[in-house]
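Participant: Same order as they appear, the protein sequences are chains A and B.
Residue numbers for the first sequence follow the working numbering, so the first one is 2 and each next one is one higher.
Residue numbers for the second sequence follow the working numbering, so the first one is -18 and each next one is one higher.
In this text, a Cβ means the ideal position worked out from N, Cα and C, and glycines have one as well.
Note that the coordinates shown come from a computational prediction; the quantities given were computed from them, not determined experimentally.
Dumping the structure here so I can ask a few things about it.
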Amino acid sequence: DVKVTQSSRYLVKRTGEKVFLECVQDMDHENMFWYRQDPGLGLRLIYFSYDVKMKEKGDIPEGYSVSREKKERFSLILESASTNQTSMYLCASSLTNQPQHFGDGTRLSIL
Amino acid sequence: QKEVEQNSGPLSVPEGAIASLNCTYSDRGSQSFFWYRQYSGKSPELIMSIYSNGDKEDGRFTAQLNKASQYVSLLIRDSQPSDSATYLCAVNFNKFYFGSGTKLNVKP
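So, in C-alpha cells, the structure goes:
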C-alpha cells in the first residue's frame, strides 16, 4: 500500500513564524502535491512537483514556498505565518496519470 | 465554469437504499476519473478509478463513465450509515482537478 506520511497531525504556531510542513512518500512517486482544505471551499492546490527540484505553482501559492530535494520528500513552507493560513493541509503523491494518494493531513492553527 | 462540478448536497438516503452521486467535467480530453471518500476531519481516500466508458463494479460500489456526455457517477448499493461522508470526484487531463464534493447522509 502507498504510504504518505505528514510530519504532524496538529500544529499550533504564532503569527510571523516560519512554518515547515513535511511530507514523505514511500512508493517512488514522481508527483507530489500540497493542498489546503477549508470548510465550503474544497481542496485548493498550493504547489506541486513533477520531479526532484522541480516545482509548479498551483491555484493559491501566495505566502507559501516548497522544497523537493529528494524524490520521496516534499516540504511546504509558510514564510511568515498569518492567521488566514489556519487550515487543514494535505499532501498527496502519485504516478503520472494515476490517482493521488493522500497523507492524514496536518491541522495547522496560526494564533 | 468549473472543471469538475458536483452537487454539494447533502444527499440523504435511507439505510439499504442505492445512493447515486453525480459529477460532470468540462474537458473532453480527460483521460482518467476517480472517486474519493472523505470522512469529517479525515483525508480523502481513493475508492474507485475508471478509465473507459461503461460501468466498473467493486463490491457495493459501481462507477459509471460516459465520455460523450462528460459525466461520471458513483452508485453505492445497500447504503450503510458508515457510508456517510463527503464524496469527491476527480478528473485528470494533464492536471488533476477535484470537485467540491457531495455530502452523503445515510439514515438508519
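Mind listing the chain A neighbours of Ser81/B? Cutoff is C-beta to C-beta under 9 Å, in chain order.
Facilitator: From the beta-carbon of Ser81/B, the residues of chain A found nearer than 9 Å are Gly41, Leu42, Gly43 and Leu44.
Participant: Taking 8 Å as the CB-CB cut-off, is Phe77/B touching chain A?
Facilitator: yes
Participant: Consult DSSP for Pro(-5)/B and reduce its assignment to one of helix, strand or coil.
Facilitator: DSSP, reduced to helix, strand and coil, places Pro(-5)/B within a strand of the structure shown.
Participant: Got a sec: which bits of the stretch 6 to 25 of chain B sit with their beta carbon under 7 Å from any beta carbon on chain A, in order along the chain?
Facilitator: Gln12, Ser13, Phe15, Ser24 and Pro25
Participant: Is DSSP giving Gln61/B helix, strand or coil here?
Facilitator: coil
Participant: Let me check understanding here. Comparing Cα to Cα, which of Leu109/A, Thr107/A, Gly104/A and Ala93/A lies closest to Glu46/A?
Facilitator: Note that residue 46/A corresponds to Leu in the displayed sequence, not to Glu. Of the candidates Leu109/A, Thr107/A, Gly104/A and Ala93/A, the one whose C-alpha sits nearest the C-alpha of Leu46/A is Ala93/A.
Participant: Against chain A, does Leu2/B count as a neighbour if the rule is that its beta carbon must be under 8 Å from one of theirs?
Facilitator: no
Participant: At least one CB of chain B closer than 8 Å to the CB of Pro100/A: is that the case?
Facilitator: Output row for Pro100/A: interface = yes.
Participant: Any contact between the stretch 49 to 64 of chain B and the stretch -7 to 13 of chain B? By contact I mean 3 or more CB pairs, one from each, below 8 Å.
Facilitator: Touching, yes.
Participant: Three-state secondary structure (DSSP) at Gln19/B?
Facilitator: DSSP places Gln19/B in strand when its eight states are reduced to three.
Participant: Anything in the stretch 81 to 100 of chain A with a Cβ closer than 7 Å to a Cβ of chain B? List those residues in chain order, please.
Facilitator: Leu91, Asn98 and Pro100
Participant: Starting from Met89/A, trace the beta strand (DSSP E) in both directions and tell me its first and last residue.
Facilitator: Ser88 to Ser95
Participant: Pairs of beta-carbons, one from the stretch 41 to 53 of chain B and one from the stretch 87 to 101 of chain A, closer than 8 Å: are there three or more?
Facilitator: No: the two stretches stay apart, fewer than three of their Cβ pairs being nearer than 8 Å.
Participant: If you draw a straight line from the alpha carbon of Ser8/A to that of Ser21/B, how long is it in whole angstroms?
Facilitator: 20 Å
Participant: Please list the partners that Leu27/B has in chain A, where partner means a Cβ-to-Cβ separation under 7 Å.
Facilitator: Pro100 and His102
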